Structure formats: structure tokens, C-alpha cells
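Participant: Please read through the structure below; I'll follow up with questions.
There are 2 protein chains.
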Amino acid sequence: MPTQRPATLQDVATAAGVSATTVSKFVNGQKRFSLEVETRIRAAIDALDYRQNPVARSMATGKTRVVGLAVLDIRNPHFTNIIQGASQVAEEHGYGLMVVDFKEKTFNAQNLLSTLALRVDGIIASSRLPQEALDELQRIGKPAVLFGQTDPDQPPAPILPSVRIQGYQAAFMLGKHLQESGRKHLVYLAYPQSRWNQERLHGLRDAMPDATIRVMELETQTMEAGERAAATALYGSEKVDAIVCYNDMIAIGLLHEACSLGVQVPEQIAIAGFDNVPVTRYLTPPLTTVDMCSEQQGEKAMELLLHIIKTGQIEPTELQLEPRLIVRASTGVQRKS
Amino acid sequence: MPTQRPATLQDVATAAGVSATTVSKFVNGQKRFSLEVETRIRAAIDALDYRQNPVARSMATGKTRVVGLAVLDIRNPHFTNIIQGASQVAEEHGYGLMVVDFKEKTFNAQNLLSTLALRVDGIIASSRLPQEALDELQRIGKPAVLFGQTDPDQPPAPILPSVRIQGYQAAFMLGKHLQESGRKHLVYLAYPQSRWNQERLHGLRDAMPDATIRVMELETQTMEAGERAAATALYGSEKVDAIVCYNDMIAIGLLHEACSLGVQVPEQIAIAGFDNVPVTRYLTPPLTTVDMCSEQQGEKAMELLLHIIKTGQIEPTELQLEPRLIVRASTGVQRKS
DNA sequence: GTGAAAGCGCTAACAG
DNA sequence: CTGTTAGCGCTTTCAC
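These protein sequence lines map, in sequence, to chains B and C. Heads up, our numbering is the position in the first sequence plus 38, with the first residue counted as 1. Heads up, our numbering is the position in the second sequence plus 38, with the first residue counted as 1.
Take a look at the structure:
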């Protein structure tokens, strides 16, 4: 009997000889009942294999017990880690997760978000979404939490609660490290579509005031893009001794192609990225990067969101995480020349 | 006015001076109306900024327009690609996606699945889930599609529709390639928790009847596991000239550690994996692997599922995909010794 | 402690 | 083409 109409609360009530209200309260653990009633209900539930219909429950309560998570590109392990963290916490609290992948195409972000909004109790989204999308998120008036880099350049102070991490600081630390390793001629592989891009560049500049920094702009933030940019980055100007990439994906492609071209990393060129995507540790040479606490971002964002959902709290919180510089062989000692 | 009760269908109806039914039909594009009514409705919708409440709709129709996707480990890009493919198709058809990540811990899979089942119109799940979970999926009676390797050893023929790919064939092709490259002493890094593991081993054995094959069993299918297994795999027996891993994640860790230990890949040892995870192309040396059509699996599974949902079709389909051997430098020419 | 009644917002017959 | 009438399964006052 696989295809049989599932038992409803009413069915259970009838079977147990009580009212639907009572069963409802029992199921939701709202009160204790006379032992007799309790056992009758329990028996009926087992016998009928009853399970609460979440849709009906949602209809009555206005809560779905589902949260939405909007990421920019699910193929980037950085976002995967965020999902992982968020999903973990959601599950612990009995919440489901609806994932929307923007695939870096954000033209209809508003639509997707407002569609999503009606199905969920709250939304977690990247603060890198286009401004219109963020505005929409605010307009919607649902609990929402942003994650990602701080963005002090934003015209108005961010009004949505968020879990943030200092992009400037991350870049500054990396820059300092490169400078102390004696690097003087930098190429920065930029991803100008990201509003976090500028901050990273500023951090680098401030950390390396004496270095030359050439900026190359990429259209995408993929391994392929890094690969394609390699030759120009390496040979496009007189001197280069370090290349910093907008993120690890780009760095992975670049590192690979640099090695293919016979460049010695790090002896001739240092290479680094951002995010500390898990695979970077396993590259040859292992990639220097800055840990942006991806998984923790997801966890914290979800905790914050659930807190807001449950307490109905209004005032926007802002949680700061600390980026961590991860020095690996790809920025090791430079060969004396 | 951000926090205001959203307009209901009834509100629109009243504002437009028609009945709720009419508005409903209009919204769902079921019929055409007199131009006058149409413009009145449209105006009311705009004025009130009305949007359909999906929960109420679900309650009335019994359909949620959401599908569930259960993966074993979202941190494995193989699954990420599947999600990507599935999500793409779902979005095109106006369906939402609820993702459940089992994190390779499948002890409470049944529970998670039956919880998920009530919130969605159908479920896509890995055929690698434990048998109890698959039974549960069938018992639930919701549309469901499995993806993953074929598994001819299964006691009963698989009763659920599925998108499958020949694991045996994939392994056989890889084995043949290794054999033709002159490899004679194989180590297979197994992941016995996966029911696909055996088939891969069989494929290798059949393709390399003259080779010795030592099997090393791993507890997890991660890069770390591959890294830790490296020394034993390389030096644990007299002769080794090739190591095949259960999947690319393991291979990535192994490859890295092998290089760190000073082993020449592929001159001394060939290394290969399965899945064709995107990053494998960018390793040094690039990793030979077998493309298991991850993204396509996700796409096809979703197409199949949506088809079943829409037509209510019963008889279980089985779609076969063809694995593709991807030869890269990690299994290149062996040095004459 | 338990139950009766009134919806949540929408769709689905069936009439007109 | 448009409206009327019933629910979908559950929660929630508010009485008893």
C-alpha cells in the first residue's frame, strides 16, 4: 500500500477518540495530558503512521521552517563551505534549506529573491549581490542576514544584519607578507564585478607602498580565467615577482599555467589567492591564501538568522570574523638574482 | 511601509471588483478574459503589489513546486556539479530546490528523507544511500529519481527510476589504459563504505588480468585520507607502478603527498581517480580520471523527475550515461627502468 | 485537561 | 467568461 492517502491529524483524533486540537497540542508538545489520553494518541499515531503535514502547518502558522540561502556560484568551494556550515546549523534546529545558485549572473536576482522570500522564514545571502537585490531584500521585510566582506564604501550603512570579514585587512596581511618576502613588482588579477575587489586592492597597496602594482581585470572568477590570464600576467610587463589573485579559483588556474610555462614558483614568482579553498593545500606548490572563514560564515549567518526569526529582533547586528593569513610554499623564498 | 500584511488574492479581487476565482485563474494564466476585467485585475495587482502565496497554493493543490535533492557530501565537487545541473533545470521549470547534505553520515538518512518528502513534490537522491534509505524512499511513494553508478549486485532490480552510469565500464577503461601504458603493479585505494567501490575494483581487475592489485581500504573519501594513505600505498609493498583511487578527492591528496615524498609522477608511479572533478585539470601533473558526467547526471535526473511529477508516470525508467576516460599527464609514459 | 469553531490564502468543481 | 461554494490540514482563541 504505497500510494495511500497519508493520515491526517483528524484521522488520528478520531482513532484516538479525542479532538483534533488535543492531538495537535500533543504533537507540538504544548501540554501534558492524562496518561490515558496520551497513550491512546500515541497508539493512534503509530497505527496510522501519522506525520505532520508541514505545508498545512505553515499555512496555519505563517512559518515554513525553511530558510533560503542565495549564493553566487555553487561551483566555488568557498560557497560550498558556506552552504555546509549553514546547512549544519539549520539541520540542528530542524530547519530546511532552500538553495539558490545565481551562477554569478545577477540580472534577475531581485526576482529570484522575492520568489524565494515567500517560501521561507528568512534569507541568507551574499553581500556581494548587486545593490538592487540587496534593496529588494530589505524591502521584502523578511528576516535576512548577509555574509561576506565588509564594504565601507557602501553609500548608506548596511541596514541588514550581517556576518562580515575584513577584506581590507585580509589583503593587507597578505601584502605585508609579500613585502617582507622582498617582492616589489606585483600583478593583481582583479574581478571588478565583485564589489569586494577594490578593498582587496587597497589593502595590498597600503601594505606595499614601495611596490609597483599592475592590475589586470578578469571577466570571471574561475580557474579557466586564471589560466588564460597567466601569460599576460607573467610576461606583460617588464618585471613581475608576485601575482595576487582576487580569489583561489583564479589562483589555481594561474598557478597551473605558470608551472606549465616553466616559471619557478615561488623562486621567480610568488602566487597567492583569497578564501583558503580546501584544495589549495594540495596544490604543487601549496598555495598561500587568506582564510576567509567560509564555513564559519555560513554557521554564524545561520545562527544569527534563526535567532532573528525566533526572537523577531529588529536592530541589525554585525558580526565580525577575523581573516587568517595562510602562508604556504607558493610565496616562499625568492631566489637571489 | 516595509512590514505590512501582504495583499491576498481576495484583496485583489475586491479591489478589482471581481471574484477571487477570476483573479486566481488570471494569475495562473488559465483563461483569457474580457479586456476590461483583465486591465482592472492587472491594475489591482500592481497597486497592491500582490504576489501569490506559495504555501497557500500548495495547501490547495497538494503540490509544492519544490524538489528535494539529497547528496552525500556537498564538499565534494562531484556532488556540487550534480546540484548545479539539477538546480539549473529546476529553475528553468520554476521549481525550487531543497538540498540535504548527508555529510557521508547516513545513519539517520531515513528520517531526513521522510521529513524532506513532506515538503517537496519529488526527491532526487544518490543511489549510494544505504539500502534502508532507498527502501524508505520507495515506501514513501513520492516521485523519486536516483542518480549514480549502476549497481547490478543489488538483490532486487532497482525499482526507482534512475540516471545511471557504468562504474564497471569506467574502471575497465581506466584499467585498460594503465595496462597499455605498461603498468603491472597496482594499488587501489578503496572506499568500501560506498557500494560503488566493488564495481570499480572489478572493472580494474578484469581490465588488468596480468597485473597485481593490492587493495587499501580508506575510511573516508577525502583529500586528507588520500594524503595519509600515500606512504603506505607507495612503500607498503615491493612493487607499485600505479595507484588508482576510488575518487578524485582521494587522488588529489595522494598525488600531492606522493610529490612531496619525491616520487616522480608519472615516471615512477601513475595516479588516477574517478569523477573528473574540475580542479583535476589544474593539478601538477594534471590528473587522469574518468568523467562520470556529474553535471549531466543532475540535469537528467531533474528532467526525469519533473517529467514524472507532471505526468504521474509510473513505470521506472532507467537512463544510461557513458563515462569518458580523461587521460592526462598523471598516467603518462613510464620511465624505462 | 479537553473540545468547538473559525480561519490561514488559495484552488477546484460546478453553475450561471 | 465569471461567480459560488467547499474545502486542503493544521493551529488557535476561547469556552467548558
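Beta carbons are placed, not taken as given, at the ideal position from N, Cα and C, and that holds for glycine. Since this is a predicted model, take the numbers as computed values, not measurements.
What are the residues in the region 129–143 of chain C lying within 7 angstroms of chain B by C-beta distance?
Facilitator: Gly134, Leu135, Met136, Val137 and Asp139
Participant: Would you verify that the beta carbon of C/Gly67 is, or is not, closer than 8 angstroms to some beta carbon of chain B?
Facilitator: no
Participant: If you draw a straight line from the C-alpha of B/Pro323 to the C-alpha of B/Ile307, how long is it?
Facilitator: 12 angstroms
Participant: What is the DSSP secondary structure of C/His223, reduced to helix, strand or coil?
Facilitator: strand
Participant: Any idea which residues DSSP pairs C/Val201 with across the strands?
Facilitator: C/Phe185 and C/Leu357
Participant: Runs of 4 residues minimum, wholly inside the region 316–374 of chain C: which ones carry the alpha helix (DSSP H) assignment?
Facilitator: Segments of the alpha helix (DSSP H) lying fully in the region 316–374 of chain C: 332–349.
Participant: Determine the direct distance from the alpha carbon of B/Glu262 to that of B/Tyr273, and round the result to whole angstroms.
Facilitator: 18 angstroms
Participant: Quick one: what's got a C-beta closer than 6 angstroms to B/Gln148's C-beta in the same chain, skipping five residues either side?
Facilitator: Glu170, Ala171 and Glu174
Participant: For B/Val278, count the other beta carbons within 10 Å of its own beta carbon; 16 or more makes it buried, fewer makes it exposed. Which is it?
Facilitator: buried
Participant: Can you name, in chain order, every residue of its own chain whose Cβ lies under 8 angstroms from the Cβ of C/His240, other than the five neighbours on each side?
Facilitator: Tyr206 and Ala209
Participant: Under DSSP, the alpha helix (DSSP H) around B/Thr153 begins and ends at which residues?
Facilitator: Ala147 to Ala155
Participant: For a contact defined as C-beta to C-beta under 9 angstroms, what are the partners of C/Leu272 on chain B?
Facilitator: Correct list: empty, because the minimum Cβ distance to chain B is about 16 angstroms.
Participant: Let's see if you can read the secondary structure: which residues bound the beta strand (DSSP E) around B/Asp159?
Facilitator: It is not in any beta strand (DSSP E) - B/Asp159 carries neither H nor E in the DSSP assignment.
Participant: Would you call B/Thr355 buried or exposed, if buried means 16 or more other Cβ atoms sit within 10 Å of its Cβ?
Facilitator: Looking at its Cβ environment, which holds fewer than 16 other Cβ atoms inside 10 Å, B/Thr355 is exposed.
Participant: So, under 8 angstroms CB-CB, C/Ile203 and C/Tyr226 are touching, yes? Tell me the CB distance rounded to an integer number of Å.
Facilitator: Actually they do not touch by this definition, with Cβ atoms about 19 angstroms apart.
Participant: Within 10 angstroms of its Cβ, does B/Phe145 collect 16 or more other Cβ (buried), or is it exposed?
Facilitator: exposed
Participant: Just to confirm, is the Cβ distance from B/Cys283 to B/Gly311 under 8 angstroms?
Facilitator: Annotated as proximal: B/Cys283 and B/Gly311, with beta-carbon spacing under 8 angstroms.
Participant: When you compare only the Cα positions, how much space is there between C/Gly123 and C/Gly186?
Facilitator: 14 angstroms
Participant: Could you tell me which of B/Val50, B/Ala155, B/Ile288 and B/Cys297 sits nearest to B/Ile83, measuring between CA atoms?
Facilitator: When only C-alpha atoms are compared, the closest one is B/Val50.
Participant: Taking the alpha-carbon positions, what's the B/Gly179 to B/Glu353 distance?
Facilitator: 13 angstroms
Participant: Grouping DSSP H, G and I as helix and E and B as strand, with all else coil, what is B/Val138?
Facilitator: The DSSP-derived three-state label of B/Val138 is strand.
Participant: What separation, rounded to the nearest whole angstrom, lies between the Cα atoms of B/Ala289 and B/Met97?
Facilitator: 48 angstroms
Participant: Going along chain C in order, which residues have a C-beta closer than 8 angstroms to the C-beta of B/Cys297?
Facilitator: Thr322
Participant: With a 10 Å radius around its C-beta and 16 neighbouring C-beta atoms as the bar for buried, classify C/Thr349 as buried or exposed.
Facilitator: exposed
Participant: For B/Gln334 versus B/Leu359, is the C-beta spacing smaller than 8 angstroms?
Facilitator: With respect to B/Leu359, B/Gln334 sits close: the two C-beta atoms are nearer than 8 angstroms.
Participant: Note down, in chain order, every chain C residue with its Cβ under 8 angstroms from the Cβ of B/Arg157.
Facilitator: Here the neighbours are Pro92, Val93, Val104 and Gly134.
Participant: How is the alpha helix (DSSP H) around B/Val2 delimited, first residue to last?
Facilitator: In this structure chain B extends from 39 to 375, so residue 2 of chain B is not present and cannot be described.
Participant: What three-state label does DSSP hand C/Glu74 in the structure shown?
Facilitator: helix
Participant: At which residues does the alpha helix (DSSP H) containing C/Thr59 begin and terminate?
Facilitator: Ala58 to Val65
Participant: Nearest to B/Leu167 by alpha carbon, out of B/Ser152, B/Gly220, B/Glu255 and B/Ser232?
Facilitator: B/Ser232
Participant: Verify the CB distance criterion: does C/Thr118 have a CB-CB separation below 8 angstroms to chain B?
Facilitator: yes
Participant: Using beta carbons (cut-off 8 angstroms, strictly below), is C/Met330 in contact with chain B?
Facilitator: Taking Cβ atoms only, chain B never reaches closer than 8 angstroms to C/Met330, which makes this a no.
Participant: DSSP three-state label for B/Arg43, please.
Facilitator: coil
Participant: Could you pull out every residue in the same chain whose Cβ sits closer than 8 angstroms to the Cβ of C/Gln90, ignoring the five residues on either side in sequence?
Facilitator: Leu47 and Val65
Participant: By the 10 Å Cβ neighbour count, where 16 or more other Cβ atoms means buried, how is C/Asp111 classified, buried or exposed?
Facilitator: buried
Participant: Beta carbons nearer than 8 angstroms to chain B: which residues of the region 303–318 of chain C have them?
Facilitator: From the region 303–318 of chain C, only Pro316 and Val317 have a Cβ closer than 8 angstroms to chain B.
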